[in-house]
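Reading through the structure tokens given below for one structure.
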Amino acid sequence: MAEYHDVLEELNKHTSLHDKVIAAHKSISETFPFIVRIAITIYDQDTKTLKTYLHSSGDDSPLEHYQVSLDDAPSLKAILDKGLPRIVNNLLTFEEGHHEHSTRIGRQGYAASYTLPMFNNGVFFGFIFFNSDKTDVFTENVLQQIDVYAHLISLTVINELISIQTLAAAVKTTSRITHLRDPETGTHLDRMSRYSRLIATVVADKYNLDDAYIEHIFMFSPLHDIGKISMPDSILLKPGKLDDDEKTIMKTHAAKGREMIDELLENFGLKNIEYIGMLRNIAELHHEAINGTGYPSGMKGNAIPIEARIVAVADVFDALTSARPYKEAWSNEKAIKTLKSLAGETLDQDCVNALLQNMDQVEAIQQQFVENIYG
Numbered sequence: 151m152a153e154y155h156d157v158l159e160e161l162n163k164h165t166s167l168h169d170k171v172i173a174a175h176k177s178i179s180e181t182f183p184f185i186v187r188i189a190i191t192i193y194d195q196d197t198k199t200l201k202t203y204l205h206s207s208g209d210d211s212p213l214e215h216y217q218v219s220l221d222d223a224p225s226l227k228a229i230l231d232k233g234l235p236r237i238v239n240n241l242l243t244f245e246e247g248h249h250e251h252s253t254r255i256g257r258q259g260y261a262a263s264y265t266l267p268m269f270n271n272g273v274f275f276g277f278i279f280f281n282s283d284k285t286d287v288f289t290e291n292v293l294q295q296i297d298v299y300a301h302l303i304s305l306t307v308i309n310e311l312i313s314i315q316t317l318a319a320a321v322k323t324t325s326r327i328t329h330l331r332d333p334e335t336g337t338h339l340d341r342m343s344r345y346s347r348l349i350a351t352v353v354a355d356k357y358n359l360d361d362a363y364i365e366h367i368f369m370f371s372p373l374h375d376i377g378k379i380s381m382p383d384s385i386l387l388k389p390g391k392l393d394d395d396e397k398t399i400m401k402t403h404a405a406k407g408r409e410m411i412d413e414l415l416e417n418f419g420l421k422n423i424e425y426i427g428m429l430r431n432i433a434e435l436h437h438e439a440i441n442g443t444g445y446p447s448g449m450k451g452n453a454i455p456i457e458a459r460i461v462a463v464a465d466v467f468d469a470l471t472s473a474r475p476y477k478e479a480w481s482n483e484k485a486i487k488t489l490k491s492l493a494g495e496t497l498d499q500d501c502v503n504a505l506l507q508n509m510d511q512v513e514a515i516q517q518q519f520v521e522n523i524y525g
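When we follow the numbering used here, the leftmost residue of the sequence shown carries the number 151, and every step to the right adds one.
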């Protein structure tokens with residue numbers, strides 16, 4: 151029997167989603183060498199924004215760390231309205247060229263594109279783009295073959311994101327089953343996760359964070375305090391300040407959070423989720439301090455993973471500016487002064503600067519996700 155090489159065998163391996171997209175691109179370019187880039191954007195239903203997520207073109211990325219409102223991308227919005235993919239066989243004459251994302255793509259030398267929306271059970275969650283370095287190449291015959299790859303890639307992305315959603319649902323369900331309630335509201339998680347993404351985007355170049363890494367910080371950051379589920383009501387819901395013994399018990403939530411993450415991953419068969427080390431670090435190490443006074447391990451400076459440093463700043467800022475049963479919300483001005491005093495001491499200086507230098511975006515997040523002490 152003759153041997154046959156499966157050109158898509160990489161999709162069956164335990165490799166990163168990024169590597170799988172690259173493998174798919176390599177396979178399709180053997181037939182269609184003019185396809186020089188495959189890119190994926192993810193849609194945020196709450197803010198109605200598209201965010202760059204993955205691409206196959208190495209360092210050649212004109213839209214790194216980019217997001218745009220779907221309303222500001224009319225031709226992409228039209229794809230959803232019409233329910234049809236978009237074919238642009240000459241980007242130089244494309245009518246949307248005055249938009250920033252189109253301009254960046256054109257400057258990079260891409261001459262044509264094919265764009266398909268991605269759906270999961272009928273719910274839109276992003277786009278997949280095929281970019282060409284030649285015009286007038288997306289013929290009917292080409293598109294029929296590309297569509298197969300597009301749906302394979304889409305299903306692979308869905309599988310990864312659904313795993314994370316399953317984990318988040320497991321955490322939420324566990325909280326309800328135990329009848330424990332954290333006084334922090336759902337809008338706190340909405341805000342701090344977006345603060346985390348904002349900070350990660352600003353420091354991305356310095357710390358070499360790609361878009362997938364940034365998106366996972368956004369997706370994982372709401373699970374930072376999962377360990378609080380194990381705290382007794384007398385401590386978690388106490389209306390006043392905790393005494394020393396209660397503080398000692400509360401501090402155990404960080405280590406317990408890591409333990410709970412590991413248990414959930416095991417029980418739900420999710421150990422192969424990409425960037426799972428990041429999730430563990432966020433849950434366990436977001437209370438570590440730059441000067442070594444934090445917990446649970448007393449780590450210092452850059453020894454603390456960047457994702458934990460990012461989430462720490464986002465969490466502290468939102469805690470200061472949010473109302474709780476035991477405190478009123480601070481003004482942004484008061485919180486800013488506090489963050490400046492903590493920068494370089496307990497909080498990471500780069501992460502504090504990243505947040506405070508983009509207060510216009512912080513305020514937009516606050517306006518969209520208004521604090522509600524009743525959840």
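C-beta: ideal position from N, C-alpha, C; glycine also.
Endpoints, the alpha helix (DSSP H) within which residue i is located
i: F370; result: D361 to F370
i: A405; result: H403 to N417
i: H168; result: L167 to T181
Residue j beta carbon less than 9 Å from that of residue i
i: P446; j: K401; result: yes
i: I190; j: G276; result: yes
i: I185; j: S282; result: yes
i: M139; j: V307; result: An answer regarding residue 139 cannot be provided, because it is not within the stretch 151 to 525 covered by the chain.
i: L564; j: F467; result: Residue 564 is absent from the model: the chain starts at 151 and stops at 525.
i: A439; j: H215; result: no
i: I432; j: L373; result: yes
i: D340; j: D222; result: no
i: S346; j: I376; result: no
i: S304; j: I423; result: no
i: A349; j: V463; result: Note that residue 349 is Ile in the sequence shown here, rather than Ala. The answer is yes: Cβ separation under 9 Å.
i: D192; j: L302; result: The question names Asp, but residue 192 in the sequence shown is Ile. No.
i: L200; j: I237; result: no
i: I296; j: F182; result: yes
i: T265; j: P224; result: no
i: T337; j: E521; result: yes
i: L230; j: K198; result: no
i: D465; j: M342; result: yes
i: V502; j: A493; result: yes
i: S263; j: F274; result: no
For residue i, the residue or residues it bridges with in DSSP
i: I188; result: F280
i: N111; result: This structure gives no information on residue 111, because the portion of the chain shown stretches from 151 to 525.
i: L386; result: Answer is none; L386 lacks a bridge partner.
i: R474; result: K477
i: T265; result: R236 and F279
i: A458; result: Answer by DSSP bridge pairing: none, since A458 is not bridged.
Straight-line gap, residue i to residue j (C-alpha atoms, nearest Å)
i: N452; j: D500; result: 11 Å
i: L415; j: L317; result: 7 Å
i: L226; j: S491; result: 44 Å
i: H403; j: L497; result: 19 Å
i: A362; j: H168; result: 8 Å
i: K388; j: A469; result: 16 Å
i: K487; j: V512; result: 15 Å
i: S207; j: I188; result: 7 Å
i: L429; j: I411; result: 8 Å
i: A122; j: V352; result: Absent from the model: residue 122. The displayed extent of the chain is 151 to 525, so no value can be given.
i: T202; j: E180; result: 26 Å
i: A485; j: T471; result: 7 Å
i: Q516; j: V287; result: 45 Å
i: N358; j: E483; result: 31 Å
i: K391; j: I385; result: 9 Å
i: N508; j: N291; result: 47 Å
i: T142; j: N240; result: Here the chain has residues from 151 to 525 only, and residue 142 is not among them.
Coarse secondary structure for residue i, derived from DSSP in three states
i: M151; result: Per-residue confidence for M151 stands at a pLDDT of 49, beneath the threshold of 50, marking its modelled position as unreliable; the derived number appears in the next sentence. Of the three classes helix, strand and coil, the one that applies to M151 here is coil, per DSSP.
i: D194; result: strand
i: V218; result: strand
i: A433; result: helix
i: A493; result: strand
i: Q507; result: coil
i: Y345; result: helix
i: K356; result: helix
i: S304; result: helix
i: N422; result: coil
i: P446; result: coil
i: M428; result: helix
i: L241; result: helix
i: Y260; result: coil
i: N309; result: helix
i: V287; result: coil
i: I515; result: helix
i: I440; result: coil
Span of the beta strand (DSSP E) around residue i
i: K201; result: T199 to H205
C-beta neighbour in chain C for residue i, strict 9 Å
i: D395; result: The structure shown contains no chain C; it holds only a single protein chain.
Contact test: residue i Cβ vs the ligand GDP heavy atom, cutoff 8 Å
i: M342; result: Here there are no bound small molecules, and the ligand GDP is not part of this structure.
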